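Report on one structure; see the data block that follows.
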Ligand code: IMP
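Residue numbers (the numbering used here): 1 to 195.
Here is the structure:
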């Protein structure tokens with residue numbers, strides 16, 4: 001059974017494939033032949049995830065899902081949140097985003113943060129949503145070289161290393177995306193996929 005994952009992010013693809021297991025095969029946008037930049041202009045993670053999934057569904061008429069993730073920092077009133085990808089500006093890098101967050105948290109004692117993922121699935125024309133979240137804190141300097149995005153500054157609660165210091169398997173055992181993907185997986189086990 002095939003499901004398209006509407007992402008161009010190789011890290012996300014690898015994380016989700018590792019969790020999904022053998023029952024359904026996850027097709028990348030590249031494999032689908034879609035090389036477009038998919039717009040994400042919503043005000044919430046749910047809106048963005050659905051927007052990305054609908055973009056693919058409308059054009060390719062296939063079962064598909066998309067995720068959207070945000071890093072919510074308590075001392076920044078929940079920012080960058082839904083604006084996590086372009087927090088430091090339109091064409092910014094992950095490094096730029098990280099530096100902006102570290103700058104804004106300079107001399108701030110409350111470092112509490114939460115990663116949230118929403119997955120939107122379009123299956124036989126119906127929409128379904130799955131959420132995952134993990135609490136943690138923003139450390140004062142970058143640590144680690146694995147993962148992507150904000151991983152080098154996010155230390156999950158109860159761990160003494162950042163996501164970027166973990167192997168993919170370790171991150172996948174606890175991460176926001178892993179939790180949402182497991183819910184998607186559980187749901188799919190109960191479904192008959194027609195296409
Ligand atoms: P999106 O879900 O691809 O729109 O991601 C929004 C922003 O959060 C981007 O800057 C990503 O690099 C970042 N991001 C998404 N997932 C993760 C993650 O698992 N770890 C660290 N950063 C992430």
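We put the beta carbon where it would ideally sit given N, CA and C, even for glycine. Note that the coordinates shown come from a computational prediction; the quantities given were computed from them, not determined experimentally.
Legend entry - CB-CB length for residue 172 against residue 40, believed under 8 angstroms: Within the chain shown, numbered from 1, the residue matching residue 172 stands at position 172. Within the chain shown, numbered from 1, the residue matching residue 40 stands at position 40. Actually they are not in contact, since the Cβ atoms of residue 172 and residue 40 sit about 23 angstroms apart, beyond 8 angstroms.
Inset, instruction - Determine contact between the segment 9-26 and the segment 82-93, defined as no fewer than three beta-carbon pairs at a distance below 8 angstroms. - result: no
Legend entry - Residue environment, residue 97, which counts as buried when at least 16 other CB atoms sit within 10 Å: Translated into positions along the chain shown, residue 97 becomes position 97. By the 10 Å Cβ count, residue 97 comes out buried.
Legend entry - Below 5 angstroms from a heavy atom of the ligand IMP - residues by beta-carbon: 68, 69, 84, 85, 149, 150 and 151
Inset, instruction - Please report the residue range of the beta strand (DSSP E) in which residue 72 lies. - result: Position 72 of the chain shown, counted from the first residue, corresponds to residue 72. It spans 64-73 - the beta strand (DSSP E) in which residue 72 sits, taken as one unbroken run.
Legend entry - Anticipated Cβ contact below 8 angstroms, residue 134 with residue 115, distance rounded: As a first step, residue 134 must be located in the chain shown, where it is residue number 134. As a first step, residue 115 must be located in the chain shown, where it is residue number 115. The Cβ separation is near 5 angstroms, so the contact holds.
Legend entry - residue 77 vs residue 66 beta-carbon contact at 8 angstroms: Position 77 of the chain shown, counted from the first residue, corresponds to residue 77. Position 66 of the chain shown, counted from the first residue, corresponds to residue 66. No. Outside cutoff.
Inset, instruction - With a cut-off of 8 angstroms on the beta carbons, I'd call residue 20 and residue 185 a contact; round off their distance for me. - result: The residue you call residue 20 lines up with position 20 of the chain shown. The residue you call residue 185 lines up with position 185 of the chain shown. About 6 angstroms; that satisfies the 8 angstroms criterion.
Legend entry - Neighbourhood of residue 138 by C-beta distance below 7 angstroms, restricted to the same chain and skipping five residues each side: For the purposes of this step, residue 138 is taken as residue 138 along the chain shown, with counting starting at 1. These residues qualify, in order along the chain: 73, 101, 105, 111, 113, 153 and 154.
Inset, instruction - Could you please give me the residues that DSSP links to residue 92 through a beta bridge? - result: Reading the chain shown from its first residue, position 92 is the one you call residue 92. Answer is none; residue 92 lacks a bridge partner.
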